[in-house]
Amino acid sequence: MDIEEELEKLRVAVSHGADAVMDLSTGGDVGSIRKVVMAESPVPIGTVPIYQAALDGLKRGKSFVELSKEEIFEVIERHAEDGVDFITVHCGISRQALERIRIEGRIMGIVSRGGALMAEWMQFNRQENPLYEDFDRLLEIAKEYDMVLSLGDGLRPGSLADATDRGQVEELVILGELAQRANEGGVQVMIEGPGHVPLNQIEANVILQKRLCHGAPFYVLGPLVTDIAPGYDHITSAIGGAVAGAAGADFLCYVTPSEHLRLPDVDDIREGVIASRIAAHAADIAKGATGAMKRDVEMARARKALDWEKQIGLSINPERSRLLRESSLPGEPDVCSMCGSLCAIKVSGRTE
0 MDIEEELEKL RVAVSHGADA VMDLSTGGDV GSIRKVVMAE SPVPIGTVPI YQAALDGLKR
60 GKSFVELSKE EIFEVIERHA EDGVDFITVH CGISRQALER IRIEGRIMGI VSRGGALMAE
120 WMQFNRQENP LYEDFDRLLE IAKEYDMVLS LGDGLRPGSL ADATDRGQVE ELVILGELAQ
180 RANEGGVQVM IEGPGHVPLN QIEANVILQK RLCHGAPFYV LGPLVTDIAP GYDHITSAIG
240 GAVAGAAGAD FLCYVTPSEH LRLPDVDDIR EGVIASRIAA HAADIAKGAT GAMKRDVEMA
300 RARKALDWEK QIGLSINPER SRLLRESSLP GEPDVCSMCG SLCAIKVSGR TE
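If you read the sequence shown in numbering that gives the first Met the number 0, its first letter stands for residue 0, the second for the next number, and so on.
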């Protein structure tokens, strides 16, 4: 792993408006990487401790399924001691929820890395999920270190055909129960939401989560509204994110153009964050959030005045706006090369 490239990804994400960042490292000296990222980040940092638990086990010649409950919780506590702001823990995958998937039959099965690891551990050991069974211990750690629990959706759908099935809903019911226990214990939680969901099911998913999880913040992974757009999944997720946000989702997890294809590079990070910010802004406008439309009104006035510098400054990515503007300058400086002297704003201005 090139740590400098990863830190550049962090800087690009933050500079383009990311409100939080996750360190999902699965190779190298994960502990040292985490500490470097935390030292560099001005925004909250989240992690998935069982990734490190699996990696540490391999270094000791063990597979993840051979780890004891104690070894799993030791890694969770290590992340808490390091001061991470939130961790994703896949507590809602129960043996009963896994049975739901088997009965119903999914195309994609389990697509969450953390979910797949926990399911394999449960099946191998013929035991209940330790993060579910020993949830009180998890709450004690989170409370001691003032750490937020992001209750992961290990059974989220990985294709549109699997969306809102029994396994997903069974897990959500459990997460709602755990969220209530966390609230009663003084621990902050958020609930992770589904990944691939048809457009017409997104609002229902948000309503269902808010109802079952007692209004806990909803953290949606996209959602992606089609499965056929690899290379453009930052767009498919932005469409779903805007709908989810307008329906009441609280936190959007960005998706990059390289989703399903490769590890994202710096440019992918930039495109993904910007697409997600557009979705979040559109959702805020739809919900009537205070001040959400202020910048849009200012942009409209700048366009009316043909004030190109102000338009560029108000845009979500001024660097790209300037690049496109300057790549095709018109003969008349107050218009653009699309309409030139036939600019509707300029023409209508002569008649007002």
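No residue lacks a Cβ here, since even glycine has one placed at the ideal position from N, Cα and C.
For clarity, every value in this text was computed on a predicted model and none was experimentally measured.
Next on the checklist: Just to confirm my understanding: we take M107, look at its own chain, exclude 5 residues before and 5 after, and list those with CB closer than 6 Å. What are they?
Outcome noted: G157, S158 and D161
Item to check | Cβ-Cβ distance between L116 and I49 below 8 Å | outcome: yes
Checklist entry - Below 8 Å between beta carbons: does that hold for F85 and S31? => result no
Checklist entry - Who are the near neighbours of K8 in its chain, counting only those whose CB is closer than 7 Å to its CB and skipping five residues on each side? => result V265 and I268
Checklist entry - How many Å lie between E39 and V13 at the Cα? => result 11 Å
Checklist entry - Run through DSSP, which three-state label would T235 get? => result helix
Item to check | Endpoints, alpha helix (DSSP H) assigned at M37 | outcome: V29 to E39
Checklist entry - If A118 and I92 are in contact, beta carbons under 8 Å, what's the gap, nearest whole angstrom? => result 6 Å
Next on the checklist: Extract the residue ranges of the beta strand (DSSP E) inside the region 151-205, only unbroken runs of 3 or more that lie entirely within it.
Outcome noted: 188-192
Next on the checklist: In whole angstroms, give me the CA-to-CA distance for P229 and C252.
Outcome noted: 17 Å
Checklist entry - What are the boundary residues of the alpha helix (DSSP H) that includes D295? => result K293 to K303
Checklist entry - If we call anything under 8 Å between Cβ atoms a contact, is V254 one with V188? => result no
Checklist entry - Given that a residue counts as buried once 16 or more other Cβ atoms are within 10 Å of its Cβ, and exposed if not, what is D28? => result exposed
Item to check | Cβ-Cβ distance between D18 and V42 below 8 Å | outcome: yes
Item to check | For C252: DSSP bridge partner residues | outcome: L220
Checklist entry - Between which two residues does the beta strand (DSSP E) carrying F85 extend? => result F85 to V88
Item to check | Straight-line Cα distance separating L262 from L6 | outcome: 15 Å
Item to check | Inter-residue spacing [alpha-carbon to alpha-carbon] between A241 and E325 | outcome: 30 Å
Checklist entry - Can you tell which of P317, M37 and V168 has the C-alpha that lies nearest to the C-alpha of A96? => result V168
Checklist entry - Excluding the five sequence neighbours on either side, which residues of its own chain have a C-beta within less than 8 Å of the C-beta of L198, listed in chain order? => result V224, I238, G239 and V242
Checklist entry - Does the beta-carbon of I227 have 16 or more other beta-carbons within 10 angstroms, so that it is buried, or is it exposed? => result exposed
Checklist entry - Just reading off the beta strand (DSSP E) that D22 is part of, what are its end residues? => result V20 to D22
Next on the checklist: Looking only at its chain, what residues have a beta carbon closer than 8 Å to the beta carbon of L174, apart from the 5 residues adjacent to it on each side?
Outcome noted: C90, G91, L150, D152, I190, L211 and C212
Checklist entry - Excluding five sequence neighbours on each side, which residues of the same chain lie with their C-beta closer than 6 Å to the C-beta of M21? => result G45
Checklist entry - Can you tell which of G192, V11 and G60 has its C-alpha closest to the C-alpha of I273? => result V11
Next on the checklist: Does any residue of chain C have a CB that is nearer than 8 Å to the CB of D266?
Outcome noted: Although the question refers to chain C, the structure presented lacks it and comprises just one protein chain.
Checklist entry - With a CB to CB cut of under 6 Å and the five nearest residues on each side skipped, what residues in its chain are close to S320? => result I311 and S314
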